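Working notes, structure below.
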Amino acid sequence: MNSIYFDHAATTPMHPAAIEAYVEAASAGPSNPSSLHASGRAARERVSVARDRLAEMLGCSPAEIVFTGSGTESDNAALFGAARAQRSRGRSAVVTTAVEHHAVLNACRQLEQEGFELTILPVDEYGRVRLEDARAAIGERTAIVSAMAANNETGTLQPIAEIGEWARRHGALMHVDAVQAFGYLPIDLRELPIDLLSVSAHKVNGPQGVGLLYVRKGTPWQPMLRGGSQERSRRAGTENVAGIAAFAAAADIAVRQRQDRWDHAERVRAEALRQLSAQLGAERFAVNGHPDDRLPHILNVSFPGISSESMLMSLDLAGLAASGGSACNSGSLKPSHVLEAMRLPSDKIASAVRFSFGLGNTMEQAEKMAKIIATISARYA
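Mapping of the sequence shown onto the numbering used here: residues 295 to 675, in sequence order.
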């Protein structure tokens, strides 16, 4: 196992409180919330309590939360469900951004195959959408607009409130992928112009295999899965009771300690940059993404002259876990679509590494990371 884990944007270690909640629920015996007997009622109560807690954190009604199996499922359910429902209202256009997670981009491309007109908004050199481009693309035929709150590769924030206001003005639905942002950014769905929002448990120190989709009351939307009447007939399939209980426990800690988590990640990130400058030299690396409008825990760095694959393999051998970008594409050698959309030079794209920080990381680990990278870089000098 790696002694330094700097890949929290891919997945996070489960918080002890989340593990405790999971074990407690899983040890309670057979638990199908749809069953009418005592164990079924107990399971249903666990799910209801978790739903209430998460709704309070998000500023919405518990009835507006649909539990899913992942952030990807939540993204797909939002896009397919809303776009297809809107088509019957004469809306047949979809708008998204060039830097979305593939769970959104590939779903949008599938909708394009189904006859929807797809517009993919460009971004600037920091990975941020220009509001004038969004306003030009959103019109009376737009069914849904999907823009992530914060990018999973660079941490850059998008102006989702402004885009959402424009979408609402034109009668289009607004979907936000908040998978990386939840637990770091304040989210109050009573105030934000958002109709659908995706969150994943394993990004906030909860278990893998659990997510949620917020669907604002009254939003035109069709369920993606067909089957039983679980989740008010919006997501068929027996709920993951233990996973949902652990999700709520982890999210509660993440939201209550949001400022502390932000400050801790920011300190580790700043120390990593300070040490890289000291150990390697500021001219030997470049930071990708917005310098200010960003999440605190993601640091995307290019090391021109050293390929991403070589750097990651060397880091792994030295006991440090990092990523070349989205974990969903780490098994491929394709360049990052996010950095390409930012129109970075090819040598920066080919040498980019994402470090992401969180629970358990220390300043000493940041210093050690820089020393390891300096040693690796010396081989390519």
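From the three backbone atoms N, C-alpha and C, an ideal C-beta is built for every residue, glycine too. None of the values given here were measured: they were computed from a predicted structure.
Give the secondary structure of residue i by DSSP, where H, G and I count as helix, E and B as strand, and everything else as coil.
| i | result |
| --- | --- |
| residue 541 | helix |
| residue 615 | strand |
| residue 491 | strand |
| residue 300 | coil |
| residue 656 | coil |
| residue 680 | It is not possible to answer for residue 680, since the shown part of the chain is limited to 295 through 675. |
| residue 322 | coil |
| residue 675 | coil |
| residue 664 | helix |
| residue 423 | strand |
| residue 417 | strand |
| residue 456 | helix |
| residue 551 | coil |
| residue 556 | helix |
| residue 370 | helix |
| residue 396 | helix |
| residue 404 | helix |
| residue 484 | coil |
| residue 310 | helix |
| residue 636 | coil |
| residue 531 | coil |
| residue 669 | helix |
Count the other CB atoms within 10 Å of the CB of residue i; is the residue buried (16 or more) or exposed (fewer)?
| i | result |
| --- | --- |
| residue 389 | buried |
| residue 394 | buried |
| residue 401 | buried |
| residue 497 | buried |
| residue 669 | exposed |
| residue 308 | buried |
| residue 331 | exposed |
| residue 537 | buried |
| residue 424 | exposed |
| residue 524 | buried |
| residue 610 | exposed |
| residue 317 | exposed |
| residue 546 | buried |
| residue 342 | exposed |
On the DSSP bridge list, what partners appear for residue i?
| i | result |
| --- | --- |
| residue 359 | 508 |
| residue 526 | According to DSSP, which records beta bridges pairwise, residue 526 is partnered with nothing at all. |
| residue 236 | A query on residue 236 cannot be resolved here, the shown segment of the chain reaching from 295 to 675 and no further. |
| residue 469 | 440 and 490 |
| residue 582 | 594 |
| residue 431 | Per DSSP, none; premise fails for residue 431. |
| residue 411 | 387 |
| residue 450 | 588 |
| residue 317 | Paired residues: none, contrary to the question. |
| residue 479 | 476 |
Compute every distance between the C-beta of residue i and the non-hydrogen atoms of the ligand ADP, then say whether any falls below 6 angstroms.
| i | result |
| --- | --- |
| residue 578 | Ligands displayed in this structure: none; no statement on the ligand ADP is therefore possible. |
Taking 7 angstroms as the cut-off, decide whether the C-beta atoms of residue i and residue j are in contact.
| i | j | result |
| --- | --- | --- |
| residue 604 | residue 580 | no |
| residue 302 | residue 583 | no |
| residue 450 | residue 421 | yes |
| residue 428 | residue 472 | no |
| residue 320 | residue 542 | no |
| residue 519 | residue 526 | no |
| residue 469 | residue 440 | yes |
| residue 362 | residue 507 | yes |
| residue 312 | residue 544 | yes |
| residue 535 | residue 325 | yes |
| residue 477 | residue 540 | no |
| residue 636 | residue 419 | yes |
| residue 649 | residue 574 | no |
| residue 484 | residue 353 | yes |
| residue 486 | residue 509 | no |
| residue 346 | residue 492 | no |
| residue 310 | residue 533 | no |
| residue 474 | residue 499 | no |
Just confirm the distance between the C-beta atoms of residue i and residue j, as a whole number of angstroms; I'd bet it's less than 8 angstroms.
| i | j | result |
| --- | --- | --- |
| residue 514 | residue 357 | The Cβ separation is near 17 angstroms, so there is no contact. |
| residue 436 | residue 387 | 5 angstroms |
| residue 562 | residue 675 | That pair is no contact at about 27 angstroms. |
| residue 365 | residue 315 | Not a contact, Cβ separation roughly 20 angstroms. |
| residue 570 | residue 664 | 5 angstroms |
| residue 644 | residue 617 | About 15 angstroms separates the two Cβ atoms, so there is no contact after all. |
| residue 511 | residue 355 | 7 angstroms |
| residue 666 | residue 612 | 5 angstroms |
| residue 559 | residue 590 | 4 angstroms |
| residue 426 | residue 464 | Their Cβ separation, rounded to whole angstroms, is 15 angstroms, which puts residue 426 and residue 464 out of contact at 8 angstroms. |
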